[in-house]
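What follows is a single structure, written as structure tokens, with notes after it.
2 protein chains.
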Amino acid sequence: MKATLRCIGAIGTPYHTLRECPRNIDPEGPLCELRIDERYTDGLDGLSAGQEIMVLYWFENVDRELLVQQRRHSGPPLGVFALRSPARPNPIGAAVVRIENIAGGRIEVRGLDCLDGTPLLDIKPAMRGEKPVKRD
Amino acid sequence: MKATLRCIGAIGTPYHTLRECPRNIDPEGPLCELRIDERYTDGLDGLSAGQEIMVLYWFENVDRELLVQQRRHSGPPLGVFALRSPARPNPIGAAVVRIENIAGGRIEVRGLDCLDGTPLLDIKPAMRGEKPVKRD
Numbered sequence: 008m009k010a011t012l013r014c015i016g017a018i019g020t021p022y023h024t025l026r027e028c029p030r031n032i033d034p035e036g037p038l039c040e041l042r043i044d045e046r047y048t049d050g051l052d053g054l055s056a057g058q059e060i061m062v063l064y065w066f067e068n069v070d071r072e073l074l075v076q077q078r079r080h081s082g083p084p085l086g087v088f089a090l091r092s093p094a095r096p097n098p099i100g101a102a103v104v105r106i107e108n109i110a111g112g113r114i115e116v117r118g119l120d121c122l123d124g125t126p127l128l129d130i131k132p133a134m135r136g137e138k139p140v141k142r143d
Numbered sequence: 008m009k010a011t012l013r014c015i016g017a018i019g020t021p022y023h024t025l026r027e028c029p030r031n032i033d034p035e036g037p038l039c040e041l042r043i044d045e046r047y048t049d050g051l052d053g054l055s056a057g058q059e060i061m062v063l064y065w066f067e068n069v070d071r072e073l074l075v076q077q078r079r080h081s082g083p084p085l086g087v088f089a090l091r092s093p094a095r096p097n098p099i100g101a102a103v104v105r106i107e108n109i110a111g112g113r114i115e116v117r118g119l120d121c122l123d124g125t126p127l128l129d130i131k132p133a134m135r136g137e138k139p140v141k142r143d
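Those protein sequences? They're chains A and B, same order as listed.
With our numbering applied, the first sequence corresponds to residues 8 to 143, in that order.
With our numbering applied, the second sequence corresponds to residues 8 to 143, in that order.
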């Protein structure tokens, strides 16, 4: 398989170190910004505020060989495919969020969990069953 | 960004031509099989039948330059990021499905939309808000 990813933009978040990053997506978290590169902005046509989207992004500089990992709270180690850890063979993050604002190649959403400057890979309209929900 | 994907396995589906592929995930569709390569099976530890997972996979041989596309039914063309089309800058498919069976590096799920032999990229436990739902 020859599969090389293209960066379609970058994600702006309030987090500059891994310690600051929250552990998960929070639909009520702080505003974050998807900045789509100019060459890809035609692909945004049809998206609008209020719509729910799945955002895919790339966790840089992680260990891609850790197949079994300790969970963050307690309990025995688990396989990487049973965890949402960013350290995984293909470190792709996935978040389902609502568009708060969209204008000029920039989309505001809430509560992403990644570092400021994270490469953006894809945006898809969310399907039934992928909608964001409020936290318990 | 240097981001090359690794194939962690392959997806077995009943579909051998694009014409046969359904247009979307169907939680009640036919059984499909995630076949995880032996070198990655340690990463499955902790997954079990009944659990809901997000599966990421790679649509091969698609046009990655089509930023505006005609919708399949009707209406004006839309930007690729407002569509679930497999033809996109990073042709990553995402499906939230339930594990029907898991044993020996093979996971059975229902209703994927891709060709038989599609490269598998990642499996993650589904989070709140990503759960599969019945069709309307």
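Cβ coordinates follow ideal geometry from the N, Cα and C atoms, glycine included.
(1) Might you give, ordered along the chain, the residues of its own chain that have their beta carbon closer than 7 Å to the beta carbon of E107/B, omitting 5 neighbours on each side?
(2) Keeping to the same chain, check which residues put their C-beta closer than 6 Å to that of R142/A; ignore five residues upstream and five downstream.
(3) Consider the Cβ of I106/B: report whether some Cβ of chain A lies at a distance smaller than 8 Å.
(4) Under 8 Å: do the region 19-32 of chain A and the region 58-67 of chain B share three or more Cβ pairs, one atom per stretch?
(5) Closer than 7 Å by beta-carbon distance: list the chain A residues that pair up with P37/B, in chain order.
(6) Please determine, among P84/B, C121/B, E137/B, P132/B, the residue with the shortest C-alpha to C-alpha distance to G19/B.
(7) So with Cβ pairs under 8 Å, would you call V75/B a contact of chain A?
(8) Span of the beta strand (DSSP E) holding G19/B?
(9) Relative to the ligand SAH, is the shortest distance from any of its heavy atoms to the C-beta of L41/A smaller than 7 Å?
(10) Using a Cβ cut-off of 9 Å, pull out every chain B residue sitting near P132/A, in sequence order please.
(11) Would you grab the beta carbon distance between D70/A and A94/A for me? Rounded to a whole angstrom, and I think it's under 8 Å.
(12) Unbroken beta strand (DSSP E) runs of length 3 or more, entirely within the region 37-119 of chain A: which are they?
(13) Name the chain A residues that come within less than 8 Å of C121/B, Cβ to Cβ?
(14) Measure the CB-CB distance between L128/A and I15/A and report whether it falls below 8 Å.
(15) Going by alpha carbons, who is nearest to E45/A out of T11/A, A17/A, Y22/A, L74/A?
(16) Can you pull the DSSP bridge partners for D129/B?
(17) Output needed for K9/B: all residues of its chain with C-beta closer than 6 Å, excluding positions within five of it in sequence on either side, in chain order.
(18) Does T11/B come out as helix, strand or coil in the three-state DSSP assignment?
(19) According to the neighbour-count rule (16 or more other Cβ atoms, all chains shown, within 10 Å of its Cβ), is T24/B buried or exposed?
(20) Taking only beta-carbon atoms, is P29/A less than 8 Å away from chain B?
(21) What whole-angstrom Cβ distance do L74/B and G53/A have, given they're in contact under 8 Å?
(22) Are P96/B and R13/A closer than 8 Å when you measure CB to CB?
(23) Whole angstroms is fine: what's the gap from Y47/A's alpha carbon to G111/A's?
(24) List the residues of chain B that T11/A touches, going by C-beta distances under 9 Å, in chain order.
(25) Y47/B versus chain A: which residues are under 7 Å apart at the beta carbon?
(26) Just to confirm, is the Cβ distance from V103/A to E59/A under 8 Å?
(27) Leaving out five residues on either side along the sequence, give the residues of the same chain with a beta carbon under 8 Å from the beta carbon of G36/B.
(28) Can you tell which of P132/A, P83/A, R105/A, I109/A has the C-alpha that lies nearest to the C-alpha of R42/A?
So, from the data block:
(1) If you number the second sequence from 1, residue 107/B lands on position 100. So the list reads L38, A56, E115, V116, R117, once near-sequence residues are dropped.
(2) What you label residue 142/A is simply residue 135 of the first sequence in a count that begins at 1. Legend: pLDDT at R142/A = 44, less than 50; position of this residue unreliable, value from coordinates given subsequently. Nothing listed; no residue qualifies.
(3) Indexing the second sequence from 1 puts residue 106/B at position 99. Output row for I106/B: interface = no.
(4) no
(5) Position 30 of the second sequence, counting from 1, holds the residue named residue 37/B. Neighbours of P37/B on chain A: none; closest Cβ ~18 Å, over 7 Å.
(6) As a first step, residue 19/B is located in the second sequence; it is residue number 12 there, counting from the start. Measuring from the Cα of G19/B, the nearest candidate turns out to be C121/B.
(7) By 1-based counting over the second sequence, the position of residue 75/B is 68. Taking Cβ atoms only, chain A reaches closer than 8 Å to V75/B, which makes this a yes.
(8) As a working note, residue 19/B is residue 12 in the second sequence. G19/B -> beta strand (DSSP E) spans 16-19.
(9) The ligand content of the structure shown is nil, which means the ligand SAH is not present either.
(10) For this step, residue 132/A is matched to residue 125 along the first sequence. The contacting residues are F88, A89, L90, R91.
(11) Position 63 of the first sequence, counted from the start, is the residue given in the question as residue 70/A. Position 87 of the first sequence, counted from the start, is the residue given in the question as residue 94/A. That pair is a contact at about 5 Å.
(12) 38-43, 59-65, 99-105, 108-110, 113-117
(13) Here residue 121/B corresponds to residue number 114 of the second sequence, with the count starting at 1. None at all; the shortest Cβ gap to chain A is about 14 Å.
(14) For the purposes of this step, residue 128/A is taken as the residue at position 121 of the first sequence. For the purposes of this step, residue 15/A is taken as the residue at position 8 of the first sequence. Their beta carbons are under 8 Å apart, which means L128/A touches I15/A by this criterion.
(15) Position 38 of the first sequence, counted from the start, is the residue given in the question as residue 45/A. E45/A has its Cα closest to that of A17/A, out of T11/A, A17/A, Y22/A, L74/A.
(16) Residue 129/B sits at position 122 when you count from the first residue of the second sequence. According to DSSP, D129/B bridges with L63/B.
(17) Numbered from 1 along the second sequence, position 2 holds the residue referred to as residue 9/B. There are no such residues.
(18) Indexing the second sequence from 1 puts residue 11/B at position 4. Strand at T11/B.
(19) On the second sequence, position 17 is the one that residue 24/B refers to. T24/B should be labelled exposed.
(20) Position 22 of the first sequence, counted from the start, is the residue given in the question as residue 29/A. P29/A does not count as touching chain B.
(21) Here residue 74/B is taken as the residue at index 67 of the second sequence, counted from 1. Here residue 53/A is taken as the residue at index 46 of the first sequence, counted from 1. Actually they are not in contact, since the Cβ atoms of L74/B and G53/A sit about 11 Å apart, beyond 8 Å.
(22) Counting from 1 along the second sequence, the entry for residue 96/B is found at position 89. Counting from 1 along the first sequence, the entry for residue 13/A is found at position 6. Taking 8 Å as the Cβ cut-off, P96/B and R13/A qualify as a contacting pair.
(23) The sequence position of residue 47/A within the first sequence is 40, counting from 1. The sequence position of residue 111/A within the first sequence is 104, counting from 1. Distance between the alpha carbons of Y47/A and G111/A is about 11 Å.
(24) Within the first sequence, numbered from 1, the residue matching residue 11/A stands at position 4. By Cβ distance, chain B contributes K9, A10, T11, L12.
(25) As a working note, residue 47/B is residue 40 in the second sequence. L74, P96, listed in chain order.
(26) Along the first sequence, read from residue 1 onward, the residue named residue 103/A stands at position 96. Along the first sequence, read from residue 1 onward, the residue named residue 59/A stands at position 52. Yes, Cβ-Cβ distance for V103/A and E59/A is below 8 Å.
(27) In the second sequence, the residue the question calls residue 36/B occupies position 29. Closer than 8 Å at the Cβ level, and outside the excluded window around G36/B, lie P29, R117, G118, L119.
(28) Position 35 of the first sequence holds residue 42/A. Ranking the options by Cα distance to R42/A, first place goes to I109/A.
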